[in-house]
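Accompanying notes for the structure given below.
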Amino acid sequence: MAITEVGCMGVKPGLSITDPSTPEGAILPGVWKTVLTKPGGPQRIFWGLEKEDSSKVWAFFDWNSVQEHVDFAKTHGAEAVKDIPKVCTHGEFTKHVTLLPSTDVLGSPITQIIASYFPSDISADEKDKITQHVKGLLSKADTNDPGYIPWGYGWGLENDYPVRGLGGKTGTIFMVLVGAQTGDQHNTLFGELVHAVKSMDGLVGLHQFTMRSLRQERE
Numbered sequence: 026m027a028i029t030e031v032g033c034m035g036v037k038p039g040l041s042i043t044d045p046s047t048p049e050g051a052i053l054p055g056v057w058k059t060v061l062t063k064p065g066g067p068q069r070i071f072w073g074l075e076k077e078d079s080s081k082v083w084a085f086f087d088w089n090s091v092q093e094h095v096d097f098a099k100t101h102g103a104e105a106v107k108d109i110p111k112v113c114t115h116g117e118f119t120k121h122v123t124l125l126p127s128t129d130v131l132g133s134p135i136t137q138i139i140a141s142y143f144p145s146d147i148s149a150d151e152k153d154k155i156t157q158h159v160k161g162l163l164s165k166a167d168t169n170d171p172g173y174i175p176w177g178y179g180w181g182l183e184n185d186y187p188v189r190g191l192g193g194k195t196g197t198i199f200m201v202l203v204g205a206q207t208g209d210q211h212n213t214l215f216g217e218l219v220h221a222v223k224s225m226d227g228l229v230g231l232h233q234f235t236m237r238s239l240r241q242e243r244e
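In this text, residue positions in the sequence shown follow my numbering: the first is 26, and each later residue adds one.
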């Protein structure tokens, strides 16, 4: 099954890293181009700034497997990403998640994202209960809305994701993504999802944000 590497990095102050008309705006696209042209690399990359906090940049890489990512990192990783420190201060984390049905939702003009955190030892049954509840809300939205609503959801493969705002505390991540054409489209659905996740037993932390994704693919 395909997996997605997800990472978040800090952006150096005063830089417009998504503006192609600036020198710094060429850095990350150049890095991603290198990653996408090396053998054994990911198939595509979605990346962008948090609308609510532009000092954070997220990136999602589509791999065939975790092992493919591990092998690539050993062979090409250091050289491929050597320019990232020119525009980024630090990496908050690099982990993996399985997003269903796919990462296509990130191709939307705007993606609203919920990153929710649960205990590292959460059981498979508890995960399934949370998943089914969220799937029910998404399926209901598909039925009620005559237009297509892009969405995705999935659990992290690791159980030591750093929980945003809790100073070193880690947990298991569950992500929910809703695509939109405009900033206020599907706000009702997103609000229902946030409320549902906040009411889940065992929730350790929650971070919600909006991202305008840039996209690069392997040719």
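Glycine included, each C-beta is placed from N, C-alpha and C at the ideal position.
Next on the checklist: Just to confirm before moving on: does the CB-CB distance between valine 122 and threonine 235 stay below 7 Å?
Outcome noted: Taking the first residue of the sequence shown as position 1, residue 122 is located at position 97. Taking the first residue of the sequence shown as position 1, residue 235 is located at position 210. In this structure, threonine 235 does not lie closer than 7 Å to valine 122 by Cβ.
Next on the checklist: Using the Cβ count rule (16 or more neighbours within 10 Å means buried), how would you classify glycine 245?
Outcome noted: Nothing about residue 245 can be reported from this structure: the residues present for the chain run from 26 to 244 only.
Checklist entry - So what's histidine 232 in DSSP terms, helix, strand or just coil? => result Taking the first residue of the sequence shown as position 1, residue 232 is located at position 207. Histidine 232 falls in the strand class under three-state DSSP.
Item to check | One or two residues paired with tryptophan 88 in a DSSP bridge | outcome: Residue mapping note: residue 88 aligns to position 63 of the sequence shown, counting from 1. Answer is Ile28.
Checklist entry - If you drop the 5 nearest sequence neighbours on each side, which residues of the same chain put their C-beta closer than 7 Å to that of glycine 179? => result Sequence index remark: in the sequence shown, residue 179 carries index 154 (1-based). Excluding sequence neighbours, glycine 179 sits near Val122, Thr123, Leu124, Leu125 and Met200.
Checklist entry - Could you check where the alpha helix (DSSP H) with glycine 55 kicks off and where it finishes? => result Position 30 of the sequence shown, counting from 1, holds the residue named residue 55. Here the alpha helix (DSSP H) through glycine 55 covers 52-62.
Item to check | Close-in-space but distant-in-sequence residues of the same chain around serine 145 (CB under 8 Å, 5 per side omitted) | outcome: Residue mapping note: residue 145 aligns to position 120 of the sequence shown, counting from 1. Contacts found: Asn184, Asp185, Thr195, Gly196 and Thr197.
Checklist entry - Just to confirm, are glutamine 137 and valine 188 a CB contact at a threshold of 7 Å? => result Counting from 1 along the sequence shown, the entry for residue 137 is found at position 112. Counting from 1 along the sequence shown, the entry for residue 188 is found at position 163. Going by C-beta atoms, glutamine 137 is not nearer than 7 Å to valine 188.
Next on the checklist: For glycine 216, report the span of its alpha helix (DSSP H) as first-last.
Outcome noted: What you label residue 216 is simply residue 191 of the sequence shown in a count that begins at 1. Its alpha helix (DSSP H) spans residues 212-223.
Item to check | Option in Lys107, Gly66, Gln92 and His115 with minimal Cα separation from glycine 32 | outcome: Along the sequence shown, one-based indexing puts residue 32 at 7. Of the candidates Lys107, Gly66, Gln92 and His115, the one whose C-alpha sits nearest the C-alpha of glycine 32 is His115.
Item to check | DSSP three-state assignment for glycine 132, whether helix, strand or coil | outcome: Translated into the one-based positions of the sequence shown, residue 132 becomes position 107. Three-state DSSP puts glycine 132 in a helix.
Checklist entry - Looking at the structure shown, is valine 122 part of a helix, part of a strand, or coil, going by DSSP? => result Walking along the sequence shown from the start, residue 122 turns up at place 97. Note: valine 122 maps to strand in three-state DSSP.
Checklist entry - From this set, Thr128, Lys37, Trp88 and Ala98, which residue's C-alpha is nearest glutamate 49's C-alpha? => result Translated into positions along the sequence shown, residue 49 becomes position 24. Nearest C-alpha to glutamate 49: Lys37.
Item to check | Cα-Cα separation, threonine 43 to serine 79 | outcome: Here residue 43 corresponds to residue number 18 of the sequence shown, with the count starting at 1. Here residue 79 corresponds to residue number 54 of the sequence shown, with the count starting at 1. Computed Cα separation, rounded: 10 Å.
Checklist entry - aspartate 150 to methionine 225, Cα distance in whole Å? => result What you label residue 150 is simply residue 125 of the sequence shown in a count that begins at 1. What you label residue 225 is simply residue 200 of the sequence shown in a count that begins at 1. Approximately 13 Å, taken between the alpha carbons.
Checklist entry - If you drop the 5 nearest sequence neighbours on each side, which residues of the same chain put their C-beta closer than 7 Å to that of tyrosine 173? => result By 1-based counting over the sequence shown, the position of residue 173 is 148. Hits under 7 Å: none found.
Item to check | Residue(s) in a DSSP beta bridge with valine 203 | outcome: In the sequence shown, the residue the question calls residue 203 occupies position 178. According to DSSP, which records beta bridges pairwise, valine 203 is partnered with Gln137 and Trp176.
Checklist entry - isoleucine 70 lies in the beta strand (DSSP E); which residues open and close that run? => result One-based indexing of the sequence shown puts residue 70 at position 45. Residues 69-74.
Checklist entry - For glycine 65, which of Gly55, His101 and Ile52 has the nearest alpha-carbon? => result As a first step, residue 65 must be located in the sequence shown, where it is residue number 40. Among Gly55, His101 and Ile52, the Cα nearest to that of glycine 65 belongs to His101.
Checklist entry - With 16 as the cutoff for other CB atoms within 10 Å, does glutamine 210 come out buried or exposed? => result Residue numbering aside, residue 210 sits at position 185 when the sequence shown is read from its first letter. Counting Cβ neighbours within 10 Å, glutamine 210 comes out buried, since at least 16 surround it.
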